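Input: a single structure, listed below in structure tokens.
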Amino acid sequence: MQLLFVILTLILFAAAGASVIRLIDRSGETGLHGAPLIGIAFITGLGVVSLQMFILSLFSIPVTLATVSIPWLVFIAAVFLKIKGAPARRERERWDLASVLLLAIIIVQSAYSFVYALSVPLSGWDAWFIWFMKARVFYLDQGVTGQFLVDPNYQQHQDYPVMLPLAISLVYSAAGSVKEVFGKLLYPLQFLSLISVIYYATAKEAGRRTGLLFAALLSIVPVIMIHAGGIPLKIGQLYAGDFVGYSDFALSIVFLAASVFFYLYAQEGGKATLALSALFLGIGAWTKNEGLTFAIFSTLLFFVYRFKKGGMGFVRESLVFVPVIALFVLPWLFYRVSLGVGSEYVGNLSFSTVIDNLWKLGVIFKTLGRMLFLNVELYNFCWWAYVLSVAANWRWVFSRGLVALNLLLALQLSTYIFIYIISPAPIDWHLATSADRLLLHLLPLAMLITAFNLVSLAGLKSFRNLSEARSSAKAF
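See the structure below:
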């Protein structure tokens with residue numbers, strides 16, 4: 510019976526996410542349906558359901574399976590009964606041997622992530638003492654309480670957003686007890702979400718076989734598997750091969766999803782793609798603090814693009830984009846400020862701190878460079894492929910969509926470098942314990958850009974001529 514309720518709760522996450530996507534994309538302009546929709550809906554559901562749980566906590570309403578699920582069941586029924594959606598466009602591509610083999614790789618990797626994640630106990634420090642500890646407390650307290658977050662006996666990044674701990678606590682509520690194995694189910698399911706996003710984006714750009722190719726390539730990257738299921742041995746410079754239970758994997762997925770829909774908006778326009786991009790940017794900020802800077806950069810790029818595009822839609826589209834992000838950012842931000850819970854990095858921020866710590870740049874660049882281009886045991890050759898594809902596709906790199914994606918990656922990476930500069934922690938220790946995870950945030954985005962570059966170079970889908978690429982670049 511426990512397992513049945515847990516499975517139904519996992520289905521609730523996916524159904525809630527699908528209903529929100531359907532509400533946003535009423536006309537079906539995104540072409541999102543089938544397995545990709547279910548996968549993307551799951552990570553969406555983690556975001557929107559956990560936000561509901563937090564809002565219930567703010568109003569001192571006990572967070573139980575009933576108080577969470579009943580409103581969602583009503584909402585899901587209303588959306589799917591009222592909004593029929595556009596009929597799904599059936600794939601016309603035939604399944605060839607290459608596509609079958611690529612799908613087999615994805616299935617094997619997915620099965621492995623489930624088997625390993627559910628067979629091995631939780632082991633990561635952050636997983637235990639930050640994310641799953643909070644989930645345990647939220648389950649026992651039936652919601653988020655300020656008393657816990659300001660407890661002097663618990664000093665484990667109380668400023669971190671609580672999306673995943675709340676989602677895990679709901680799984681515990683469904684099980685009726687704290688069972689780590691049920692909470693770990695969320696991570697291989699997130700792996701399916703990641704595969705769904707990269708497949709959807711690349712298949713939409715260049716067909717099913719291309720989508721399967723890049724989904725399969727992403728599925729075999731070791732650092733992905735370390736966070737999705739775990740690996741039974743130490744990889745590279747990491748102290749372990751199992752990082753299941755961290756929030757970095759979820760953040761990499763929502764970064765990718767936000768970037769995909771921002772790219773589609775920049776290329777094709779459309780309210781649904783704009784709203785979905787904002788939705789995932791908001792979920793990113795609700796996942797980890799690093800998601801807030803990504804949302805800020807995306808908002809600035811949106812304003813620049815929309816201002817240069819001109820027309821009467823600037824205010825209307827801004828009123829779609831900004832409030833959706835704010836819905837996820839402001840409640841948690843105001844709540845932790847009201848509790849006096851701050852960030853160690855913001856508290857250490859000053860002009861003199863930056864100047865005094867510029868000597869760290871040499872160490873930072875050396876370490877990141879080694880991880881990006883020499884530690885292929887972690888990232889395969891993904892970062893090499895990204896750099897070489899950008900160089901090879903230089904004539905088209907300033908197209909509307911690609912320039913936005915490259916800027917987002919560069920700006921977010923610059924933010925991480927800045928954090929290392931102002932961090933009070935010893936730089937060698939800080940890099941050794943976090944750089945691999947920060948690069949994970951951007952790895953799927955780098956793979957997406959690589960895919961679009963190679964698709965353009967192969968002529969599967971590209972601008973009709975160079976002048977069109979140059980003119981579209983003027984939007985930025």
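Note that this note's numbering numbers the sequence shown so that position 96 is 605, with each residue one more than the last. Positions of the beta carbon are idealized from the N, C-alpha and C atoms, including for glycine. If you're wondering where the values come from, they're calculated on a predicted model, not measured in any experiment.
1) Taking only the alpha-carbon atoms, compute the straight-line gap between residue 881 and residue 606 and give it to the nearest angstrom.
2) According to DSSP, simplified to helix, strand and coil, what is residue 772?
3) Please report the Cβ distance between residue 797 and residue 760, rounded to the nearest whole angstrom; I am assuming they are in contact, meaning their Cβ atoms lie under 8 angstroms.
4) Could you tell me the alpha carbon to alpha carbon distance between residue 898 and residue 535, rounded to whole angstroms?
5) List, from N- to C-terminal side, the alpha helix (DSSP H) runs of 4 residues or more that fit wholly inside the stretch 671 to 722.
6) For residue 755, which residues of its own chain have a beta-carbon under 8 angstroms away from its beta-carbon, when the five flanking residues on both sides are left out?
7) Could you have a look at residue 736 and say whether DSSP puts it in helix, strand or coil?
8) Rounded to whole angstroms, what is the Cα-Cα separation between residue 549 and residue 858?
9) Where in the stretch 521 to 572 do unbroken runs of the alpha helix (DSSP H), each at least 4 residues long, occur, reported from the N-terminal end onward?
10) Mapping the DSSP letters down to three states, classify residue 751 as helix, strand or coil.
11) Drop a sphere of 10 angstroms on the beta-carbon of residue 851, count the other beta-carbons inside from all chains shown, and report buried for 16 or more, exposed for fewer.
12) Got a sec, what are the start and stop residues for the alpha helix (DSSP H) residue 650 sits in?
13) On the criterion of 16 or more Cβ atoms from any shown chain inside 10 Å, does residue 984 qualify as buried, or is it exposed?
14) Mind pulling the alpha helix (DSSP H) runs of 4 or more residues that sit fully within the stretch 795 to 844?
15) Would residue 557 and residue 587 be called neighbours here (beta carbons separated by less than 7 angstroms)?
16) When you compare the CB positions of residue 769 and residue 676, do they come within less than 7 angstroms of one another, or not?
17) Taking all protein chains shown into account, decide if residue 879 is buried (16 or more other Cβ within 10 angstroms of its Cβ) or exposed.
18) Mind checking residue 751: buried by the 16 CB within 10 Å criterion, or exposed?
19) So, do the stretch 684 to 700 and the stretch 819 to 830 have three or more beta carbon pairs nearer to each other than 8 angstroms?
20) For the alpha helix (DSSP H) that contains residue 998, what are its first and last residues?
21) Should the stretch 642 to 652 be called in touch with the stretch 772 to 782, which here means at least 3 C-beta pairs below 8 angstroms?
22) Verify whether the separation of the beta carbon atoms of residue 877 and residue 721 is less than 7 angstroms.
23) State whether the stretch 931 to 947 contacts the stretch 824 to 844, with contact taken as three or more CB pairs (one from each stretch) at a distance under 8 angstroms.
24) Let me confirm a value: residue 511 is counted as buried when at least 16 other C-beta atoms fall within 10 Å, else exposed. Which label applies?
25) Less than 7 angstroms between the beta carbons of residue 918 and residue 954, yes or no?
26) Since residue 772 contacts residue 920 with CB under 8 angstroms, what's their CB separation in whole angstroms?
27) Between the alpha carbons of residue 910 and residue 811, how many angstroms are there, rounded?
28) May I ask you to report which of helix, strand or coil DSSP gives residue 978?
29) Specify the secondary structure class of residue 580 as computed by DSSP and reduced to three states.
30) Excluding the five sequence neighbours on either side, which residues of its own chain have a C-beta within less than 6 angstroms of the C-beta of residue 1009, listed in chain order?
31) On the three-state DSSP scale, how would you describe residue 852?
32) Between which two residues does the alpha helix (DSSP H) holding residue 954 run?
33) Hey, residue 744 and residue 887: beta-carbon distance below 7 angstroms or not?
34) Looking at the secondary structure, which residues open and close the alpha helix (DSSP H) in which residue 629 lies?
Reading off the structure:
1) The residue given as residue 881 occupies position 372 in the sequence shown. The residue given as residue 606 occupies position 97 in the sequence shown. If you take the alpha carbons of residue 881 and residue 606, they lie about 33 angstroms apart.
2) In the sequence shown, the residue the question calls residue 772 occupies position 263. Looking at residue 772 - three-state DSSP - the assignment turns out to be helix.
3) Sequence index remark: in the sequence shown, residue 797 carries index 288 (1-based). Sequence index remark: in the sequence shown, residue 760 carries index 251 (1-based). Right, their Cβ atoms sit about 5 angstroms apart.
4) Here residue 898 corresponds to residue number 389 of the sequence shown, with the count starting at 1. Here residue 535 corresponds to residue number 26 of the sequence shown, with the count starting at 1. In a straight line, the C-alpha of residue 898 is about 36 angstroms away from that of residue 535.
5) 672 to 684, 689 to 693 and 695 to 715
6) Taking the sequence shown and counting its residues from 1, one reaches residue 755 at position 246. The residues are 633, 635, 636, 640, 736 and 946.
7) Position 227 of the sequence shown holds residue 736. If DSSP states are grouped into helix, strand and coil, residue 736 belongs with the helices.
8) Position 40 of the sequence shown holds residue 549. Position 349 of the sequence shown holds residue 858. For residue 549 and residue 858, the distance between alpha carbons rounds to 37 angstroms.
9) 543 to 567
10) If you number the sequence shown from 1, residue 751 lands on position 242. The answer is coil: DSSP assigns residue 751 none of H, G, I, E or B.
11) What you label residue 851 is simply residue 342 of the sequence shown in a count that begins at 1. Its Cβ having fewer than 16 others within 10 Å, residue 851 is exposed.
12) Position 141 of the sequence shown, counted from the start, is the residue given in the question as residue 650. Here the alpha helix (DSSP H) through residue 650 covers 642 to 650.
13) On the sequence shown, residue 984 is found 475 positions in, with the first residue counted as 1. Interpretation of residue 984 is limited by its pLDDT of 47, a score under 50 that renders its predicted location unreliable; no figure is taken from the coordinates.
14) 799 to 818
15) Counted from its first residue, the sequence shown places residue 557 at position 48. Counted from its first residue, the sequence shown places residue 587 at position 78. Not a contact, by the Cβ cut-off of 7 angstroms.
16) By one-based count along the sequence shown, residue 769 stands at place 260. By one-based count along the sequence shown, residue 676 stands at place 167. Their beta carbons are not under 7 angstroms apart, which means residue 769 does not touch residue 676 by this criterion.
17) Walking along the sequence shown from the start, residue 879 turns up at place 370. The residue is exposed, with fewer than 16 neighbouring Cβ atoms inside 10 Å.
18) As a working mapping, residue 751 is identified with position 242 in the sequence shown. Residue 751 should be labelled buried.
19) no
20) Since the first residue shown for the chain is 510 and the last is 985, residue 998 is missing from the structure and cannot be characterised.
21) no
22) Here residue 877 refers to the residue found at position 368 when the sequence shown is read from its first residue. Here residue 721 refers to the residue found at position 212 when the sequence shown is read from its first residue. In this structure, residue 721 does not lie closer than 7 angstroms to residue 877 by Cβ.
23) no
24) Numbered from its first residue, the sequence shown carries residue 511 at position 2. Under this definition residue 511 is an exposed residue.
25) Numbered from 1 along the sequence shown, position 409 holds the residue referred to as residue 918. Numbered from 1 along the sequence shown, position 445 holds the residue referred to as residue 954. Contact flag set, yes.
26) In the sequence shown, counting from the first residue as 1, residue 772 sits at position 263. In the sequence shown, counting from the first residue as 1, residue 920 sits at position 411. With 8 angstroms as the limit, residue 772 and residue 920 do not qualify as a contact, their Cβ atoms being about 15 angstroms apart.
27) Translated into the one-based positions of the sequence shown, residue 910 becomes position 401. Translated into the one-based positions of the sequence shown, residue 811 becomes position 302. Approximately 11 angstroms, taken between the alpha carbons.
28) Reading the sequence shown from its first residue, position 469 is the one you call residue 978. The predicted model places residue 978 with a pLDDT of 42, which falls under 50 and marks its position as unreliable; any figure quoted below should be read in that light. Looking at residue 978 - three-state DSSP - the assignment turns out to be helix.
29) Along the sequence shown, read from residue 1 onward, the residue named residue 580 stands at position 71. Residue 580 falls in the helix class under three-state DSSP.
30) The first residue shown for the chain is 510 and the last is 985, placing residue 1009 beyond what the model contains.
31) On the sequence shown, position 343 is the one that residue 852 refers to. It is coil, neither helix nor strand.
32) For this step, residue 954 is matched to residue 445 along the sequence shown. Residue 954 -> alpha helix (DSSP H) spans 936 to 967.
33) Position 235 of the sequence shown, counted from the first residue, corresponds to residue 744. Position 378 of the sequence shown, counted from the first residue, corresponds to residue 887. A contact, by the Cβ cut-off of 7 angstroms.
34) Numbered from 1 along the sequence shown, position 120 holds the residue referred to as residue 629. Note, residue 629: premise wrong, no alpha helix (DSSP H); not H, not E.
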